[in-house]
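*Asks:* Taking this note's numbering, the leading residue of the sequence shown gets 4, the next gets one more, and so forth. C-beta: ideal position from N, C-alpha, C; glycine also. The structure's right below; bear with me while I get my questions together.
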Amino acid sequence: MAASPDYSHFVKTDAEGRSRIDLAIDGITCAACLGDIETAMKRLPGVMTARLNLTSHRLAVSFDAGKIEAGGLTGALEAIGYRAYPYEQRKVEADEAARFYLLLKCLGVAAFAAMNVMLLSISVWSGEGSSMSPETRDFFHFLSALIALPAAAYAGQPFYVSALTSLRQGRVNMDVPITIGVTLALALSVYETWSHAPQAYFDSAIMLLAFLLAGRVMDQAMRRKTRAAAGNLAALKGENALRFASGAQEPPGTQESPGAQETEDNLVLTPVAALVEGDRVLVRAGERIPADGAIESGASSVDESAITGETLGKPVGVGDNVYAGSINGDGALKLRVTAAGNAALIDEAARLIDAAGAARSGYVRLADRASQLYAPIVHLAALASGLTWYFFLGAGVHHALVIGISVLIITCPCALALAVPAVQAMASGAFFRAGLFLNDATGLEKLGEIDTVIFDKTGTLTLPEPRVANASEIPPDLLDLAARLAHSSSHPLARAVARSARTAPPLPDARETPGMGVAAPFGQAEAWLGSAAFCEVESPGPDADASAIFIRHGARWARLLIRQTLRPDAAKVLAHLRESGCKIAILSGDRPEAVAPIARELAVESWSGALKPADKIAFIGERAAEGEKILMVGDGLNDAPALAAAYASISPIDAVHLTQTQADAVFLGDRLAPVAAAIAIARRARGLMRQNLFFAAGYNVVAVPFAMSGHATPLFAALAMSASSIVVTLNALRLRGPGKAVTLLLREQKATAGEPARRAAPPNPVAAPSA
């Protein structure tokens with residue numbers, strides 16, 4: 004017996020200390036394969052979990068390395084007819100491309116043969132009862148055989164190999180009835196041609212293969228398009244980074260962007276995979292950011308379109324966080340790595356895409372069970388039909404065999420197997436394009452049933468970072484000066500001011516007085532940023548919902564109000580949710596006087612403040628008892644219990660980890676449009692799944708009795724069965740997005756991304772007149 008391959012270097016250890024490996028699986032042809040593979044894995048000693056992603060053919064297995072080796076897992080899969088090897092993105096993509104190319108070639112051969120055979124068949128049909136001689140008819144059948152037999156031998160490879168592998172392992176998958184039906188139809192046609200019979204069924208066999216291959220090519224193309232999202236994300240990190248050698252000093256000139264070339268002696272070209280938290284790296288203008296990090300020096304703008312979908316550059320400066328995969332703009336940045344290895348945001352996004360592809364709702368599980376039971380039922384129905392016609396209804400062997408073949412072909416459960424996975428694959432892609440990632444197996448189904456949406460306030464309806472709330476009222480030059488001073492302070496209020504003009508360079512010779520403010524000479528006068536006392540101005544009095552910081556330059560001064568501001572599209576998104584039939588509520592742990600103005604601005608009548616986690620759970624429980632299906636949207640640690648208690652839940656991608664693990668989905672960016680998209684996409688997906696399941700079931704209710712009664716020829720059966728598969732796939736392709744209304748919100752999100760917080764400002768009513 005051959006030794007198991009050594010895959011130990013592909014094994015990782017998860018947070019719970021379990022060994023984990025991702026395997027790529029070859030030989031998967033339908034949804035029934037999923038149950039076979041997962042069941043075989045779970046029977047092995049030491050295997051704790053096994054989850055197969057039907058979209059990417061990626062099997063995630065967690066196991067006890069003390070009881071079974073990774074090589075033993077692949078051996079067990081090969082024993083049931085599947086080739087397995089460690090999942091490596093490039094190899095998997097190459098194998099996938101080769102399989103897709105084979106399907107295309109098989110489809111081309113089958114389609115070419117089908118057109119020519121049908122031309123001959125039509126000639127035979129039109130010649131019946133006319134002057135066509137038996138010799139001419141036999142010649143046309145002979146020509147059809149010459150075309151169909153070699154074409155079917157080549158084009159049917161994907162089905163034959165799968166069926167033979169399944170039978171060798173004592174299993175029956177959906178390719179078995181296809182293979183039997185095609186083989187019997189061709190064998191019967193050869194016999195009919197040899198015995199000079201008036202009918203042959205070469206057209207049925209080759210048309211069946213052509214339509215089935217067309218359906219598989221469409222399904223494969225759809226899944227490849229969705230799967231490419233995770234693969235493209237993984238490729239965005241790049242391969243190398245410029246890391247500062249241990250003990251290297253900050254390069255001169257980095258603060259102002261120029262001067263990056265002066266530091267090359269201190270830089271080491273390091274593989275991105277080798278970076279660790281705390282490393283310092285240099286990102287030059289135009290380069291891709293290699294890891295998540297905080298900016299220590301430099302100012303620039305970054306293109307985060309790959310991460311957040313926002314196409315305009317985002318201004319960044321000292322203290323801001325940037326993410327791997329983003330593209331640096333026009334300034335050099337020195338970063339301190341905050342997340343390396345596979346812990347970066349882009350890796351988390353890729354994992355969530357993969358999880359979405361592996362998610363299985365109730366509809367998916369129903370279709371899986373039905374398709375697993377369906378294959379043996381198909382064979383029994385075909386056999387029973389043929390025997391009944393032969394023994395009880397007086398049909399000859401030939402006629403009984405034709406009816407049996409027709410039943411075998413027409414009842415193949417391909418449409419049922421594709422009904423839900425095809426929609427799910429499209430939904431996963433639509434979620435990604437909308438800036439959403441599913442995080443739970445049943446999230447898609449639950450989001451489609453939502454009728455009430457409850458929002459947390461802080462960090463959910465409002466942006467997670469405080470901003471200058473009255474920026475539009477501050478003279479632009481004074482606001483820019485405040486931002487330049489703020490870059491030299493570590494105070495939280497100063498950091499909020501710095502965000503209003505991130506690319507503004509710090510003022511030289513700035514002096515900070517801890518707890519008071521920062522000052523620096525600017526022009527012909529001194530500039531101050533800090534408290535009213537520090538700036539020597541008279542405060543107009545406290546604001547009930549904001550903190551204040553003051554800027555003074557000479558005799559000019561202004562008060563900057565710092566508060567958490569609403570997400571830019573919050574009002575429009577909540578209005579859309581109401582129009583779509585959802586009830587809206589706000590539950591916040593913040594003070595009622597801070598929640599009230601937010602609720603008024605958003606026209607939300609049902610709101611509460613000063614709530615503890617238990618209070619939020621009680622509120623959700625009361626609504627749920629009344630039959631409402633509640634979506635909770637929150638980001639804080641105190642929201643995690645409420646997220647778990649709600650029927651469905653969504654959190655921002657920058658929420659705390661515990662909150663993300665409780666959420667069914669997470670969204671990217673500063674806007675709430677993805678929340679509306681989640682509900683819209685899920686509702687459309689749920690409707691399409693139900694349509695596909697209804698159609699697949701209805702098709703069989705009509706087609707099976709029709710075939711059993713002897714009214715369906717093998718050609719009609721081939722056309723009907725193939726058409727049913729193509730119909731459910733085309734129906735799934737209708738799910739391209741969340742619908743027109745939400746698409747406009749998402750487009751507005753991208754169009755206004757990176758827009759400066761302030762616009763042309765009116766005169767400042769707080770500022771004193773210039774001297």
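Three-state secondary structure (DSSP) at asparagine 119?
*Replies:* Within the sequence shown, numbered from 1, the residue matching residue 119 stands at position 116. Asparagine 119 falls in the helix class under three-state DSSP.
*Asks:* Using 8 Å as the cut-off, can you tell me whether the segment 472-491 makes contact with the segment 578-596, which would need three or more C-beta pairs spanning the two stretches below that distance?
*Replies:* These segments do not touch.
*Asks:* Determine the DSSP secondary structure at histidine 556, reduced to helix, strand or coil.
*Replies:* In the sequence shown, residue 556 corresponds to position 553, counting from 1. In the structure shown, histidine 556 sits in a strand (DSSP, three-state: E or B).
*Asks:* With H, G and I counted as helix, E and B as strand and the rest as coil, what does DSSP make of threonine 465?
*Replies:* The residue you call residue 465 lines up with position 462 of the sequence shown. Strand.
*Asks:* Leaving out five residues on either side along the sequence, give the residues of the same chain with a beta carbon under 7 Å from the beta carbon of asparagine 703.
*Replies:* On the sequence shown, residue 703 is found 700 positions in, with the first residue counted as 1. If we look at asparagine 703 and ignore the five residues flanking it on each side, its Cβ neighbours are Thr414.
*Asks:* Do the segment 588-603 and the segment 455-467 meet, that is, are 3 or more Cβ pairs less than 8 Å apart?
*Replies:* The segment 588-603 is in contact with the segment 455-467.
*Asks:* Let's see if you can read the secondary structure: which residues bound the beta strand (DSSP E) around asparagine 56?
*Replies:* Counted from its first residue, the sequence shown places residue 56 at position 53. Residues 50-56.
*Asks:* Can you grab the Cα-Cα spacing for the pair serine 652 / leucine 123, in whole Å?
*Replies:* Stepping through the sequence shown from its first residue, residue 652 is reached at position 649. Stepping through the sequence shown from its first residue, residue 123 is reached at position 120. For serine 652 and leucine 123, the distance between alpha carbons rounds to 60 Å.
*Asks:* Can you tell me whether valine 305 is helix, strand or coil according to DSSP?
*Replies:* Residue numbering aside, residue 305 sits at position 302 when the sequence shown is read from its first letter. In the structure shown, valine 305 sits in a strand (DSSP, three-state: E or B).
*Asks:* For glycine 713, report the span of its alpha helix (DSSP H) as first-last.
*Replies:* As a position in the sequence shown, residue 713 is number 710, starting the count at 1. Glycine 713 -> no alpha helix (DSSP H), and no H or E assigned at all.
*Asks:* Evaluate contact between the segment 524-535 and the segment 422-442, counting only Cβ atoms and requiring at least three cross-stretch pairs below 8 Å.
*Replies:* Result no; under three Cβ-Cβ pairs closer than 8 Å.
*Asks:* If you run the structure through DSSP and keep just helix, strand and coil, what is alanine 680?
*Replies:* Sequence index remark: in the sequence shown, residue 680 carries index 677 (1-based). In this structure, alanine 680 counts as helix in the three-state DSSP scheme.
*Asks:* When you compare the CB of alanine 116 with every CB in chain D, is at least one pair closer than 8 Å?
*Replies:* The displayed structure is made up of one protein chain only, and chain D is not part of it.
*Asks:* Just tell me which of Gly518, Met135 and Gln160 has its CA closest to the CA of leucine 110.
*Replies:* Here residue 110 refers to the residue found at position 107 when the sequence shown is read from its first residue. Minimum Cα distance to leucine 110 is reached at Gln160.
*Asks:* Out of curiosity, what's the CA-to-CA distance linking glutamate 96 and glycine 518?
*Replies:* Taking the first residue of the sequence shown as position 1, residue 96 is located at position 93. Taking the first residue of the sequence shown as position 1, residue 518 is located at position 515. One C-alpha to the other measures close to 56 Å.
*Asks:* Excluding sequence positions up to five away, which residues of its chain have a Cβ less than 7 Å from the Cβ of valine 576?
*Replies:* For this step, residue 576 is matched to residue 573 along the sequence shown. Excluding positions up to five away in sequence, the list reads Leu675, Ala676, Val678, Ala679 and Leu748.
*Asks:* How many angstroms separate the CA atom of aspartate 3 from the CA atom of serine 147?
*Replies:* Coverage of the chain is limited to positions 4 through 774, which leaves residue 3 absent and any answer about it impossible.
*Asks:* If you drop the 5 nearest sequence neighbours on each side, which residues of the same chain put their C-beta closer than 8 Å to that of serine 534?
*Replies:* Translated into positions along the sequence shown, residue 534 becomes position 531. Correct list, in chain order: Met519, Gly520, Ile552 and Phe553.
*Asks:* Do you know how far the Cα of glycine 281 is from the Cα of glutamate 299?
*Replies:* Working through the sequence shown from its first residue, we reach residue 299 at position 296. Working through the sequence shown from its first residue, we reach residue 281 at position 278. Distance between the alpha carbons of glutamate 299 and glycine 281: 12 Å.
*Asks:* Just to confirm, is the Cβ distance from glycine 451 to arginine 140 under 8 Å?
*Replies:* Looking up residue 451 in the sequence shown gives position 448. Looking up residue 140 in the sequence shown gives position 137. For glycine 451 and arginine 140, no; Cβs fall outside 8 Å.
*Asks:* Within its chain, find whatever has a CB closer than 7 Å to the CB of isoleucine 380; leave out the 5 residues flanking it on each side and keep chain order.
*Replies:* Counting from one through the sequence shown, the residue named residue 380 turns up at place 377. Cβ neighbours of isoleucine 380 beyond the five flanking positions: none.
*Asks:* Whole angstroms are fine: how far does the CA of lysine 337 sit from the CA of phenylalanine 247?
*Replies:* Within the sequence shown, numbered from 1, the residue matching residue 247 stands at position 244. Within the sequence shown, numbered from 1, the residue matching residue 337 stands at position 334. Roughly 9 Å between the two C-alpha positions.
*Asks:* Please look up how many angstroms separate the CB atoms of leucine 189 and alanine 151, rounded, as I've assumed it's under 8 Å.
*Replies:* Indexing the sequence shown from 1 puts residue 189 at position 186. Indexing the sequence shown from 1 puts residue 151 at position 148. Right, the Cβ-Cβ distance comes to about 7 Å (below 8 Å), so this counts as a contact.
*Asks:* Could you tell me the alpha carbon to alpha carbon distance between serine 169 and valine 179, rounded to whole angstroms?
*Replies:* In the sequence shown, counting from the first residue as 1, residue 169 sits at position 166. In the sequence shown, counting from the first residue as 1, residue 179 sits at position 176. Taking the straight line from one Cα to the other gives about 8 Å.
*Asks:* With a 10 Å radius around its C-beta and 16 neighbouring C-beta atoms as the bar for buried, classify leucine 510 as buried or exposed.
*Replies:* Translated into positions along the sequence shown, residue 510 becomes position 507. Buried.
*Asks:* Could you name the residues of the same chain whose beta carbon sits closer than 7 Å to that of alanine 154, not counting the 5 residues immediately before and after it, in chain order?
*Replies:* Taking the sequence shown and counting its residues from 1, the one referred to as residue 154 is at position 151. Excluding residues within five positions, the ones whose Cβ falls inside 7 Å are Val112, Ala113, Ala116 and Ile209.
*Asks:* To which residues of the same chain is proline 8 closer than 7 Å at the C-beta, ignoring the five residues directly before and after it?
*Replies:* Numbered from its first residue, the sequence shown carries residue 8 at position 5. Closer than 7 Å at the Cβ level, and outside the excluded window around proline 8, lie Gly74 and Thr77.
*Asks:* Which of helix, strand or coil does DSSP assign to asparagine 703?
*Replies:* Along the sequence shown, one-based indexing puts residue 703 at 700. The answer is helix: DSSP assigns asparagine 703 an H, G or I state.
*Asks:* Using only the alpha-carbon positions, how far apart do proline 478 and valine 275 sit?
*Replies:* The sequence position of residue 478 within the sequence shown is 475, counting from 1. The sequence position of residue 275 within the sequence shown is 272, counting from 1. Going by the C-alpha atoms only, they are around 44 Å apart.
*Asks:* Cutting at 6 Å between CB atoms, please list the residues of its own chain near tryptophan 392, excluding the five before and the five after it.
*Replies:* Taking the first residue of the sequence shown as 1, we reach residue 392 at position 389. The residues are Ala398, Ala403 and Ile406.
*Asks:* For serine 550, list the residues DSSP reports as bridge partners.
*Replies:* Sequence index remark: in the sequence shown, residue 550 carries index 547 (1-based). Paired residues: Ile565.
*Asks:* Mind reading off the beta-carbon distance from tyrosine 90 to alanine 43? Whole number of angstroms is fine, and I expect it under 8 Å.
*Replies:* Here residue 90 corresponds to residue number 87 of the sequence shown, with the count starting at 1. Here residue 43 corresponds to residue number 40 of the sequence shown, with the count starting at 1. Contact doesn't hold; Cβ gap of about 18 Å is too wide.
*Asks:* Taking only three categories from DSSP, how would you classify asparagine 734?
*Replies:* Locating residue 734 in the sequence shown gives position 731, counting from the first residue. If DSSP states are grouped into helix, strand and coil, asparagine 734 belongs with the helices.
*Asks:* Would you identify the three-state DSSP class for asparagine 442, choosing helix, strand or coil?
*Replies:* To locate residue 442, count along the sequence shown from 1; it is residue 439. Three-state result, asparagine 442: coil.
*Asks:* By how many angstroms is the C-alpha of phenylalanine 145 removed from the C-alpha of serine 198?
*Replies:* Within the sequence shown, numbered from 1, the residue matching residue 198 stands at position 195. Within the sequence shown, numbered from 1, the residue matching residue 145 stands at position 142. Between serine 198 and phenylalanine 145, the C-alpha separation is close to 12 Å.
*Asks:* Go ahead and pull the three-state DSSP assignment for isoleucine 83.
*Replies:* Here residue 83 corresponds to residue number 80 of the sequence shown, with the count starting at 1. DSSP places isoleucine 83 in coil when its eight states are reduced to three.
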